[in-house]
Amino acid sequence: MAKRPPITNRVKDLREAHDQMSQSALAKEIGVTRQTVIAIEQGKYSPSLESAFRIARVFGVGLEDVFGWDGD
Amino acid sequence: MSFQEKSAWVMCIALIVSGAFYAWTVVAIAQVAQAIPPPNGLGLVIGTIIIVAIAIFGHAVAALGNPADANAPEDERDRLVVWRAGNLSGLLLGVVCMLSLFAFAVLGSGNLLFHMIVAGMVISQLAEYALTIWYYRRGV
Numbered sequence: 075m076a077k078r079p080p081i082t083n084r085v086k087d088l089r090e091a092h093d094q095m096s097q098s099a100l101a102k103e104i105g106v107t108r109q110t111v112i113a114i115e116q117g118k119y120s121p122s123l124e125s126a127f128r129i130a131r132v133f134g135v136g137l138e139d140v141f142g143w144d145g146d
Numbered sequence: 014m015s016f017q018e019k020s021a022w023v024m025c026i027a028l029i030v031s032g033a034f035y036a037w038t039v040v041a042i043a044q045v046a047q048a049i050p051p052p053n054g055l056g057l058v059i060g061t062i063i064i065v066a067i068a069i070f071g072h073a074v075a076a077l078g079n080p081a082d083a084n085a086p087e088d089e090r091d092r093l094v095v096w097r098a099g100n101l102s103g104l105l106l107g108v109v110c111m112l113s114l115f116a117f118a119v120l121g122s123g124n125l126l127f128h129m130i131v132a133g134m135v136i137s138q139l140a141e142y143a144l145t146i147w148y149y150r151r152g153v
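Residue numbers (the working numbering), protein chains in the order written: chain A, 75 to 146; chain B, 14 to 153.
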């Protein structure tokens, strides 16, 4: 398997806590495809800084409330 | 599965079928002639038609399954996958071209040069689509 990015996220938890928002709805809000949201939630893809900020703004939280560093 | 991944699968199949057909024609002629055959124009034309036909049919089926996905523009992840897969396949094509030129310099066979370049183009494109699928499946 490809090396996972050293960035963790709580996108799925926040999305479900946000009135059970669908992956499609979140994708539309931040301007990516549903598959990209799935990849972010599964830790297979680290979004760009812009998309990360957009995600945090959708949930009304700070960037570090959504993403964490799991590297060295 | 995203439309881009389905597209990569379709093109993989198209290239494998077309490449196998062209390789079969070249090998068949080589076995009869007992020498490296000259460029097979008819084989290339038929191989191209095979690729185009499979690509059109495959993409139409993939798009009909999810028209919204097929019409959606590429996002940042799609662009990254395409860039990485294309970068590596380009390197592979460069290596094959260099090997082909070296073989020509040593052996002096223009026919061999032609077939090695064609094979290199097919292999590098196959690598690009395979890498595209890998990155979509395993992460990028």
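For each residue, glycine too, the CB sits at the ideal point set by N, CA and C. All values derive from a computational prediction rather than experimental measurement.
Where the beta strand (DSSP E) containing residue i begins and where it ends
i                 : result
Gly145 of chain A : No beta strand (DSSP E) holds Gly145 of chain A; DSSP gives it neither H nor E.
First and last residue of the uninterrupted alpha helix (DSSP H) at residue i
i                 : result
Asn53 of chain B  : From DSSP, Asn53 of chain B is part of no alpha helix (DSSP H); its letter is neither H nor E.
Asn84 of chain B  : Pro80 to Asn84
Cys137 of chain B : Reading the sequence as shown, one finds Ser at residue 137 of chain B and not Cys. Start and end: Gly123 to Arg151.
Asp91 of chain B  : Glu89 to Leu120
Gln97 of chain A  : Gln97 to Ile104
Assigned secondary structure, residue i (DSSP; H/G/I helix, E/B strand, else coil)
i                 : result
Thr2 of chain B   : This structure does not reach residue 2 of chain B, given that chain B is present from 14 up to 153, and the question cannot be answered.
Thr82 of chain A  : strand
Ala48 of chain B  : coil
Ala130 of chain A : helix
His72 of chain B  : helix
Lys118 of chain A : coil
Val30 of chain B  : helix
Gln17 of chain B  : helix
Asp87 of chain A  : helix
Thr38 of chain B  : helix
Thr110 of chain A : helix
Val23 of chain B  : helix
Beta-carbon proximity list for residue i, same chain, < 6 Å, skipping 5 on both sides
i                 : result
Phe127 of chain B : Pro52
Gly56 of chain B  : Tyr35 and Thr38
7 Å Cβ shell around residue i - same chain, five flanking residues per side excluded
i                 : result
Ser113 of chain B : Leu126, Met129, Ile130 and Gly133
Gly136 of chain A : Ala130
Ser15 of chain B  : Asp82 and Tyr149
Ser98 of chain A  : Arg108
Val30 of chain B  : Ile63 and Ile67
8 Å Cβ shell around residue i - same chain, five flanking residues per side excluded
i                 : result
Leu28 of chain B  : Ile64, Val135, Gln138, Leu139 and Tyr142
Met75 of chain A  : Unreliable positioning characterises Met75 of chain A in this predicted model, as indicated by a pLDDT of 48, which lies under 50. The coordinate reading is nonetheless provided below. Cβ neighbours of Met75 of chain A beyond the five flanking positions: none.
Phe117 of chain B : Gly123, Leu125 and Leu126
Arg150 of chain B : Glu18
Val140 of chain A : Asn83, Arg84, Val85, Leu88, Ala126, Ile129, Ala130 and Phe133
Glu87 of chain B  : Gln17 and Val95
Val153 of chain B : Arg90, Leu93, Val94 and Arg97
Ile112 of chain A : Gln97
Ile26 of chain B  : Ile67 and Gly71
Self-check item: Contact between the region 58-69 of chain B and the region 118-126 of chain A (3+ Cβ pairs under 8 Å)
Solution: The region 58-69 of chain B, when compared against the region 118-126 of chain A, does not touch it at the 8 Å Cβ threshold.
Quiz item: Is the region 136-147 of chain B in contact with the region 96-105 of chain B, if contact means three or more CB pairs nearer than 8 Å?
Solution: Result yes; three or more Cβ-Cβ pairs closer than 8 Å.
Quiz item: Given 8 Å as the limit, is there contact between the region 18-32 of chain B and the region 114-127 of chain B, that is, 3 or more CB pairs closer than that?
Solution: Cβ pair count under 8 Å is below three, so no.
Quiz prompt | Given 8 Å, three or more beta-carbon pairs between the region 96-107 of chain A and the region 82-90 of chain B | solution = The region 96-107 of chain A vs the region 82-90 of chain B: in contact.
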